[in-house]
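J.: Residue numbers (my numbering), protein chains in the order written: chain H, 78 to 779; chain U, 45 to 202.
Following this message is one structure expressed as structure tokens.
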Amino acid sequence: MAIVTDSEVVQQIRLPERNRKTERQITERKRIDMPIEARLRGRITGGFIVAVLLTIFIGFLSWRNARLAADDADWVIHTYAVMDTLELTSKQLIEVETSARTFGLTGQDALRAHYETAKVAVMQHEETLRHLTADNPNQQLRLDMLEPQIRTALEFAESIVAKRLRLQASPDSSDILETERMMNAVRATGQEIKDEEMRLLSQRTQNTSARRRLTSLIIVAGIFVGAGLLALARLAVNREIAVSTQGRDQLKALNAELEQRVEQRTAALQSEITERQQAKQELAIQAEELSHSRQALETQTLMLQSVLDSMAEGLVAADEQGKFLIWNRAAERIVGHGPADLPPQEWSAHYGNYLSDGVTLLPTEQLPLVRAIRGEVSTTEIFLRNPKVTEGTWIEASGSPLKDKNGVVRGGVVAFRDITRSRADEREIRKLNDELEQRVVERTAQLETANKELEAFSYSVSHDLRAPLRHIGGFSKMLVEEFGSSLDPNARHYVERIQAGTQKMGLLVDELLNLARVGRHALSLRPTGLNSIVAEVIAILQPDSEGRQVEWLVGDLPAVDCDPVLVKQVFQNLLANALKFTRPRVGADKSARARTSAMRSLIEISHQEQDGQPVFMVRDNGVGFNMKYVDKLFGVFQRLHSTEEFEGTGIGLVTVQRIVHKHGGRVWAEGEPDKGAAFYFTLGTGNPVELKSTGATAGDQS
Amino acid sequence: MNSENLDILLVEDNKDDMDLTLHALKREKLANHIFVARDGEEALDFLFCRGAFAQRSFEHPPKLVLLDLKLPKVDGMEVLKQVKSDPRTKNIPIVIMTSSKEERDLVSGYKLGANSYIQKPVDFDQFRETVKSIGLYWLVINQPAPAGSVTKAAGQAS
Chain H
78 MAIVTDSEVV QQIRLPERNR KTERQITERK RIDMPIEARL RGRITGGFIV
128 AVLLTIFIGF LSWRNARLAA DDADWVIHTY AVMDTLELTS KQLIEVETSA
178 RTFGLTGQDA LRAHYETAKV AVMQHEETLR HLTADNPNQQ LRLDMLEPQI
228 RTALEFAESI VAKRLRLQAS PDSSDILETE RMMNAVRATG QEIKDEEMRL
278 LSQRTQNTSA RRRLTSLIIV AGIFVGAGLL ALARLAVNRE IAVSTQGRDQ
328 LKALNAELEQ RVEQRTAALQ SEITERQQAK QELAIQAEEL SHSRQALETQ
378 TLMLQSVLDS MAEGLVAADE QGKFLIWNRA AERIVGHGPA DLPPQEWSAH
428 YGNYLSDGVT LLPTEQLPLV RAIRGEVSTT EIFLRNPKVT EGTWIEASGS
478 PLKDKNGVVR GGVVAFRDIT RSRADEREIR KLNDELEQRV VERTAQLETA
528 NKELEAFSYS VSHDLRAPLR HIGGFSKMLV EEFGSSLDPN ARHYVERIQA
578 GTQKMGLLVD ELLNLARVGR HALSLRPTGL NSIVAEVIAI LQPDSEGRQV
628 EWLVGDLPAV DCDPVLVKQV FQNLLANALK FTRPRVGADK SARARTSAMR
678 SLIEISHQEQ DGQPVFMVRD NGVGFNMKYV DKLFGVFQRL HSTEEFEGTG
728 IGLVTVQRIV HKHGGRVWAE GEPDKGAAFY FTLGTGNPVE LKSTGATAGD
778 QS
Chain U
45 MNSENLDILL VEDNKDDMDL TLHALKREKL ANHIFVARDG EEALDFLFCR
95 GAFAQRSFEH PPKLVLLDLK LPKVDGMEVL KQVKSDPRTK NIPIVIMTSS
145 KEERDLVSGY KLGANSYIQK PVDFDQFRET VKSIGLYWLV INQPAPAGSV
195 TKAAGQAS
């Protein structure tokens, strides 16, 4: 255990930074040390106690044996006393017998006195004997046997004495024999007592010697045990001293460490104190700053209050419990109340918040502020009416939650404004809108009807007007053919005029129908290669350019999303125009005719990118036009040239414009008299596209 | 009129148009076997061999019907529809000749089975040219369905 703790101590020294662990180990160490000292003390005390007890025991044993030995010696003396007394009794009895017998024989008084003295001595000795053997019941029994024998002998001696005195007679031989027998009996009993005493003596002597040997043995053994114990105690003490010395060293090391740690702690505390002081100073600075900030905050709060109060919108805010934090002046003005310390359930009734029907109180869960506190963003229209706002006010309230920096909802804020007037305006606008819409619907219906009528008209124009025209043309032709020879030249001329008129009217009707059809035509967009369309149109126009020098300059045109049928119409009209107006003029003066006829027709079809959109151009070197008439170009039946000069209906460009507009594009023209004209157009929907197959163009299909 | 060898049934209500058409056909010597119906009903009676034409036989249909659309009683589209939906008459070539070039008429005409659709040109020369082309094509160039095939088809269908 000590070794373990040693290594721990070493560890502690090696790793002083592990302070907490070290502390714990020291505590453990203390806990282990305490019983060692106690045990040492206990062991030493125990050793001493054992040694003392042993000594006392040996002393006691020696004392007891000495006592017993003394007792034994007393008993030996006693035995001898008994035997002496017995001897004396026996001797005196013999004296009594002898003196009695002698007196009997001689009658001498001296002998009688002697007899009497011996008799008393016998009785005295007998008494002493009884006294001496009082402790031994066996001897008492034997005494009980001896005493009557002695008494018999004494009485017989008395009888002998009495016989001398009274009869003057001498004892005879029988008396002597009797005496001898009596004396033998006494002697035998006395011998028994003596033997017993001798046996007791020998036994006591034996006991005494045995006890003496035991005592010696005990004393010797005690001395050895005591010496051994002392030696053991000495060893134990030595060992404990060694251990405690080691412990003391450890303790010393621990103490040193503790001291070191105390120093460290002291240093730490010192630095802590310094830090505290610094912190205190900082706190003081902070407190000062805080007071500055508080002032700033107060200023800001005041500013905020002013800002809030200057707002036209009402603004109220509440914490998550529904306690009002902000209630600006506008809010008070609009609501007619200030903030009331009421639970949200009573707000609607207190402030008079109603649903849009104006009579149902707004349910608590729909209140913008309640929703805002719930974390919702909302905009609600509320009708507000209470005793302070008797007329009632419509407000629009926008609520949103107030969140702390962690995004936790801490309350809600609601801004609201009086929308009574704007609501009225809105209602008015809505009403106007409705009326307008109604009018649009009506007008649309009217227009649709008109459109249908127009369509029907177109149809009937197509069918009904063309038929009589055909008839006029047909029959006048037949007239000329069948009766031409019989008609005079004037009549023939008139018939020709009729036919020309018919033709022109037919053209007009056809173009008007075409225009109407363009208007009704549903736009069907598809990627279309414009070069093929242009080529097709040029082919169609080929008959018109026969016998003329016409040069078509066709650029590399893109493919665009467009209605191929309509776009073909555009190119057809524009190219036909270009071809027409580069033709030598019929009615012009000779010089102009010479000039124009000498001139080749140059018709250029190209495009260029403008704002990412292709702008198409058809330019000619024909008669051109004066730019001041440019507005008239695209008007129905508007013509810049006489029919004598250039035939035409004045519908072609209108059709072009209509188609371009249908595509969301625009068309415009530039021109100069006798120099030429250029027509530009875009197709709003017609962004350039990639053609999947060059063969599949709309132009091919039409 | 020998209806057995009829070449053309002209359905035309307008007298002027009729005259012009006949004139054009005559000029091309195509008007020898021609019958003119003046309204849709008459045209249907003629084609379905009923009423005044009950003596006619489906065995001898006209080689060509020139049909105007705007007709009294039964209009041209209805005539076309009935002729083309009946197995006995559906093989008869019908060319619509009308003043209208309305797209919807074009579409429905072809949908109902018209064999051709011609807009009468206003110009008389062009008109004559057109009539000539049609006559030549359908009466001379085109091979009509064999005479028996019509009734055979009818028998199969009924």
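The beta carbon of each residue, even a glycine, is placed where N, CA and C say it ideally should be.
To which residues does DSSP link G606(H) through a beta bridge?
T.: Here the question's residue 606(H) lines up with position 529 in the first sequence. BP columns for G606(H) point to A636(H).
J.: State the Cα-Cα distance for the pair Y757(H) and V695(H), rounded to the nearest angstrom.
T.: By one-based count along the first sequence, residue 757(H) stands at place 680. By one-based count along the first sequence, residue 695(H) stands at place 618. Taking the straight line from one Cα to the other gives about 7 Å.
J.: Which residues of the stretch 110-144 of chain U have a Cβ closer than 9 Å to any Cβ of chain H? Give them in chain order.
T.: From the stretch 110-144 of chain U, only L113, K114, T142, S143 and S144 have a Cβ closer than 9 Å to chain H.
J.: Select from E340(H), Q226(H), L630(H) and R276(H) the residue whose C-alpha is nearest the C-alpha of N213(H).
T.: By one-based count along the first sequence, residue 213(H) stands at place 136. With distances taken between Cα atoms, N213(H) lies closest to R276(H).
J.: Taking a cut of 7 Å between CB atoms, which residues from the stretch 59-73 of chain U lie near chain H?
T.: If the cut-off is 7 Å between Cβ atoms, the stretch 59-73 of chain U has D60, D61, L64 and H67 near chain H.
J.: Going by the beta-carbon positions, is the gap between L50(U) and F79(U) smaller than 8 Å?
T.: The residue given as residue 50(U) occupies position 6 in the second sequence. The residue given as residue 79(U) occupies position 35 in the second sequence. Yes, these two residues count as a Cβ contact at 8 Å.
J.: Between which residues of its own chain and V782(H) is the CB-CB distance below 8 Å, once the five residues before and five after are set aside?
T.: With chain H running from 78 to 779 in the structure shown, residue 782(H) is simply not present.
J.: Quick one: using the 10 Å Cβ neighbour count with 16 as the cut-off for buried, is A211(H) buried or exposed?
T.: In the first sequence, residue 211(H) corresponds to position 134, counting from 1. A211(H) should be labelled exposed.
J.: How big is the Cα-Cα spacing for S601(H) and C639(H)?
T.: Along the first sequence, one-based indexing puts residue 601(H) at 524. Along the first sequence, one-based indexing puts residue 639(H) at 562. S601(H) and C639(H): Cα-Cα distance of roughly 7 Å.
J.: Anything in chain U within Cβ reach of L546(H), meaning under 7 Å, just list it in chain order.
T.: In the first sequence, residue 546(H) corresponds to position 469, counting from 1. In chain order: V166.
J.: Which of the three DSSP states, helix, strand or coil, is assigned to R494(H)?
T.: What you label residue 494(H) is simply residue 417 of the first sequence in a count that begins at 1. Strand at R494(H).
J.: G489(H) to Q358(H), Cα distance in whole Å?
T.: Residue mapping note: residue 489(H) aligns to position 412 of the first sequence, counting from 1. Residue mapping note: residue 358(H) aligns to position 281 of the first sequence, counting from 1. For G489(H) and Q358(H), the distance between alpha carbons rounds to 40 Å.
J.: Report the residue from I459(H), N463(H), K480(H) and L479(H) whose alpha carbon sits nearest the alpha carbon of W471(H).
T.: Residue mapping note: residue 471(H) aligns to position 394 of the first sequence, counting from 1. Considering only alpha carbons, the answer is I459(H).
J.: Rounded to a whole number of angstroms, what is the C-alpha to C-alpha distance between R516(H) and I138(U)?
T.: Position 439 of the first sequence, counting from 1, holds the residue named residue 516(H). Position 94 of the second sequence, counting from 1, holds the residue named residue 138(U). Their backbone Cα atoms lie some 49 Å apart in a straight line.
J.: According to DSSP, what are the bridge partners of F693(H)?
T.: Looking up residue 693(H) in the first sequence gives position 616. Looking at the DSSP assignment, F693(H) forms a beta bridge with H684(H) and F758(H).
J.: Could you check the C-alpha separation between E628(H) and P641(H) for me, to the nearest Å?
T.: Mapped onto the first sequence, residue 628(H) falls at position 551. Mapped onto the first sequence, residue 641(H) falls at position 564. Taking the straight line from one Cα to the other gives about 24 Å.
J.: For a contact defined as C-beta to C-beta under 7 Å, what are the partners of Q580(H) on chain U?
T.: By one-based count along the first sequence, residue 580(H) stands at place 503. Neighbours of Q580(H) on chain U, chain order: D167.
J.: Out of W404(H), R311(H) and N430(H), which has the shortest C-alpha to C-alpha gap to D418(H)?
T.: Start at 1 with the first residue of the first sequence, and residue 418(H) comes out as number 341. Checking every option, the nearest Cα to that of D418(H) belongs to W404(H).
J.: Using alpha carbons as the reference points, say which of V611(H), E623(H) and K657(H) lies closest to Q646(H).
T.: Taking the first residue of the first sequence as 1, we reach residue 646(H) at position 569. When each option's Cα is compared against that of Q646(H), the closest is V611(H).
J.: Among all the DSSP beta bridges, which residues are the ones paired with M141(U)?
T.: In the second sequence, counting from the first residue as 1, residue 141(U) sits at position 97. The partner list for M141(U) (beta bridge, DSSP) reads I162(U).
J.: Using a Cβ-Cβ distance under 8 Å, would E86(U) count as near chain H?
T.: Numbered from its first residue, the second sequence carries residue 86(U) at position 42. No, because no Cβ of chain H sits closer than 8 Å to the Cβ of E86(U).
J.: Let me check understanding here. Comparing Cα to Cα, which of G712(H), Q580(H) and L130(H) lies closest to G299(H)?
T.: Along the first sequence, read from residue 1 onward, the residue named residue 299(H) stands at position 222. The shortest Cα separation from G299(H) among G712(H), Q580(H) and L130(H) belongs to L130(H).
J.: Within its chain, find whatever has a CB closer than 8 Å to the CB of T156(H); leave out the 5 residues flanking it on each side and keep chain order.
T.: As a working mapping, residue 156(H) is identified with position 79 in the first sequence. Result list for T156(H): E274, M275, L277, L278 and R281, in chain order.
J.: Can at least three beta-carbon pairs, one atom from the stretch 312-322 of chain H and one from the stretch 167-174 of chain H, be found at a separation below 8 Å?
T.: These segments do not touch.
J.: What does F171(U) reach in chain H if we use C-beta pairs closer than 7 Å?
T.: The sequence position of residue 171(U) within the second sequence is 127, counting from 1. Within 7 Å Cβ-Cβ: R547 and G551.
J.: How about the stretch 703-723 of chain H and the stretch 731-746 of chain H: do they share at least three Cβ pairs that are nearer than 8 Å?
T.: Contact holds: three or more Cβ-Cβ distances are below 8 Å.
J.: If you compare alpha carbons, which of E269(H), A239(H), A230(H) and R243(H) is closest to L254(H)?
T.: If you number the first sequence from 1, residue 254(H) lands on position 177. Among E269(H), A239(H), A230(H) and R243(H), the Cα nearest to that of L254(H) is on A230(H).
J.: Rounded to whole angstroms, what's the CA-CA distance from V118(U) to E56(U)? Just pull it up for me.
T.: The count along the second sequence starts at 1 and reaches residue 118(U) at position 74. The count along the second sequence starts at 1 and reaches residue 56(U) at position 12. Cα-Cα distance, rounded: 12 Å.
J.: Please classify V663(H) as buried or exposed, where buried requires at least 16 other C-beta atoms within 10 Å of its C-beta.
T.: As a first step, residue 663(H) must be located in the first sequence, where it is residue number 586. Any reading at V663(H) needs caution, since the residue's pLDDT is 49, under 50, leaving its predicted position unreliable; the model's value is listed next. Exposed.
J.: So what's G753(H) in DSSP terms, helix, strand or just coil?
T.: Within the first sequence, residue 753(H) is the residue found at index 676, counting from 1. Residue state, collapsed to three classes: strand.
J.: Taking 8 Å as the limit between beta carbons, can you name the residues of its chain near R410(H), skipping five residues before and five after?
T.: Residue mapping note: residue 410(H) aligns to position 333 of the first sequence, counting from 1. Cβ neighbours of R410(H) beyond the five flanking positions: G391.
J.: On the criterion of 16 or more Cβ atoms from any shown chain inside 10 Å, does P116(U) qualify as buried, or is it exposed?
T.: Along the second sequence, read from residue 1 onward, the residue named residue 116(U) stands at position 72. P116(U) should be labelled exposed.
J.: Sorted by chain position, which residues of the same chain lie with C-beta nearer than 7 Å to D385(H)'s C-beta, five sequence neighbours on each side aside?
T.: As a working mapping, residue 385(H) is identified with position 308 in the first sequence. Here the sequence assigns Leu to residue 385(H), which means Asp is not the residue at that position. So the list reads L392, I403 and N405, once near-sequence residues are dropped.
J.: Kindly indicate which three-state DSSP category F401(H) falls into: helix, strand or coil?
T.: The residue given as residue 401(H) occupies position 324 in the first sequence. F401(H) falls in the strand class under three-state DSSP.
J.: Residues of chain A with CB closer than 7 Å to the CB of G561(H), please, in chain order.
T.: Absent from the structure: chain A. Protein chains present are H and U.
J.: Do M121(U) and S160(U) have their C-beta atoms within less than 8 Å of each other?
T.: Counting from 1 along the second sequence, the entry for residue 121(U) is found at position 77. Counting from 1 along the second sequence, the entry for residue 160(U) is found at position 116. Cβ atoms of M121(U) and S160(U): not closer than 8 Å.
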